[in-house]
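For reference, the structure is listed below as structure tokens.
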Amino acid sequence: MTEREDKTPVAPSGAAEEQEILLDSPIVESEDEPGAVDAPGVSGSKEPDEAAVESTPVVEEDAVEPVPPVEEAIAGNPEAAASADADASAGLPEIPEGASSAWPQEETLPAPAAGGEPPAPVDPPSGEEEEPEEERPMTLLEHLGELRKRLVRGFLAILIGFFACYGFAQQLFYYLSLPLLKVMPADSKFIYTGVAEGFFVDMKVAFVAGVFVACPFLFYQIWAFIAPGLYEEEKKYIIPLALSSALFFILGGVFCYFGVFPFAFEFFMSYSTDNIVAMLSIDEYLSFALKMVLAFGLIFEMPLFSFFLARMGLITAQKMREVRKYAILAIFVVAAILTPPDVFSQLMMAGPMIVLYEVSIWVAVLVGKKKAEREKAAEEGGA
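Numbering-wise, UniProt numbering puts 300 at position 300 of the sequence shown, and it's gapless, one number per residue.
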């Protein structure tokens, strides 16, 4: 075969590197067919030689090895490199090179504990978080169920107090009637006009005594029923309020016994003359005495309720001063309802109630000052 002039055939639309290889290769005549050109990798039948194609390296133009996003992040971030090493030690699959951000990411699991125990499975977060039980508003049926529960507990407490005091009912009645016995004429005495009147009197005395014994627990049940409507910072006052309520209730009964009964009974017994002898029924006296004791016990709760209402912002000292004359009128109406139909008993109850109303105004003043101080401190802290 003889060399010919350097004539380059038009290369197919391949890479430019294949054209350079063909230029450097010598062009020879084929022995089989004269005039046919034989070149490495090109046969006379214009079919590519498979061995030549396989041995010829194909290099893409301006090909640059892509940098995976993970390696690029690790290259400039030591913390990311340490995290990648930790993931590798945990047995997590590696992200293939050239993977895009659409590659599904495995959830990073915590490394197993030192003892070799696998970590506890983590529940996937739900789409909607459950509202805490305490913050969820109560329905009407739940309120009725709560009321029923508090009433049953209060009734059981009174029942326990009743049985505890029933054995001392006659002694308790004697001490309850002692203020009247001291001012009764010598020829006066208690009587009962019904067959079972003495029995029912003991029952009433034991019941009221049981109420006084159980009153701390009773007031706690009342405040506990109100507690779901209070703020968290107000709920911590439930036990102090229950104890204070019981204390004021007992103080009201004690004030009635020592401060009202002696003067009231002396006034009533002054109507007894030589021709009019007092013959008092034990049931009538007990009803009068218990009504007075319970009424004074309740009205002594006025400062405490004023404190609570002022704390909630429902009343203010200024508002109580503005409605003072209407409050005094309401006090006399309440005293007329709670006491027997005589002016003296009404005055004996209305007087302490007016004093307690003035005390309630000062309680509201103190609560208002403390509230203003807290608001001022909160504004200064926020600034």
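Yeah, the Cβ is synthetic: ideal placement off N, Cα and C, and Gly gets one too.
Inclusion of glycine 253 and phenylalanine 225 in the CB contact set at 9 Å is not warranted, their separation being larger than that value.
Straight across, the Cα-Cα distance linking alanine 264 with phenylalanine 255 is about 13 Å.
The way I'd put it, the segment 267-279 doesn't touch the segment 223-242; fewer than three beta-carbon pairs between them come closer than 8 Å.
Each residue's CA atom was taken as its position, placing glutamate 301 and valine 260 some 18 Å apart. Around glutamine 170, the same chain offers Asp202 as residues with beta carbons nearer than 7 Å, after the five sequence neighbours per side are excluded. For serine 270, no alpha helix (DSSP H) segment is defined, and its DSSP state is neither H nor E. Put simply, the backbone Cα of histidine 143 is about 10 Å away from that of proline 228. Judged by beta-carbon spacing, lysine 204 lies within the 9 Å limit of leucine 286, meaning their Cβ atoms are closer than that value.
The criterion of a C-beta distance shorter than 9 Å is not satisfied by phenylalanine 168 and cysteine 215. Residue Ile282 holds the alpha-carbon nearest to the alpha-carbon of alanine 196 among Phe288, Ser345, Ile282.
The beta carbon of glutamate 322 sits closer than 7 Å to none of the beta carbons in its chain outside the five residues before and after it.
Inter-residue distance for alanine 157 and serine 306 is about 27 Å (C-alpha atoms, whole angstroms). Your pair glutamine 318 and phenylalanine 332 does not check out as a contact, with CB atoms roughly 24 Å apart and the cut at 8 Å. Annotated as distal: alanine 209 and isoleucine 222, with beta-carbon spacing of 9 Å or more. In the structure shown, leucine 314 adopts coil according to DSSP, grouped into three states.
DSSP places lysine 369 in the helix class (H, G or I) of the three-state scheme.
The straight-line gap separating the alpha-carbon atoms of methionine 348 and leucine 140 is approximately 42 Å. In the DSSP assignment, phenylalanine 190 forms a beta bridge with Leu280. Lysine 370 sits away from proline 340, with the two beta carbons spaced by 9 Å or more. Contact between aspartate 342 and valine 277 is absent: CB atoms are separated by about 20 Å, not below the 8 Å threshold. Distance from the Cα of leucine 181 is smallest, within the candidate group Leu366, Pro262, Leu147, for Pro262.
Between the alpha carbons of leucine 329 and valine 359 lies a distance of about 17 Å. In the three-state DSSP reduction, tyrosine 237 falls in the coil class, being neither helix nor strand. Here the alpha carbon of glycine 154 sits roughly 46 Å from the alpha carbon of glutamate 380. For aspartate 342, the secondary structure class from DSSP, reduced to helix, strand or coil, is coil. Taking the C-beta atoms as reference points, methionine 320 is found no nearer than 9 Å to valine 334. Note that the C-beta distance between glycine 145 and phenylalanine 212 is not below 9 Å.
Around the beta carbon of isoleucine 299, 16 or more other beta carbons lie within 10 angstroms, which makes this residue buried. Annotation: threonine 316 to leucine 366 spans about 10 Å, alpha carbon to alpha carbon. For proline 137, there is no enclosing alpha helix (DSSP H), as DSSP marks it with neither H nor E. Under the 10 Å beta carbon count, phenylalanine 344 is surrounded by fewer than 16 other beta carbons and is classified as exposed.
In the three-state reduction of the DSSP assignment, valine 195 falls in the coil class.
Valine 323 sits in coil when the DSSP states are folded into three classes, being neither helix nor strand. Rounded to the nearest whole angstrom, the C-alpha separation of tryptophan 362 and leucine 230 is 24 Å. Within 10 angstroms of the beta-carbon of arginine 374 lie fewer than 16 other beta-carbons, which makes it exposed. The straight-line gap separating the alpha-carbon atoms of phenylalanine 217 and proline 303 is approximately 20 Å.
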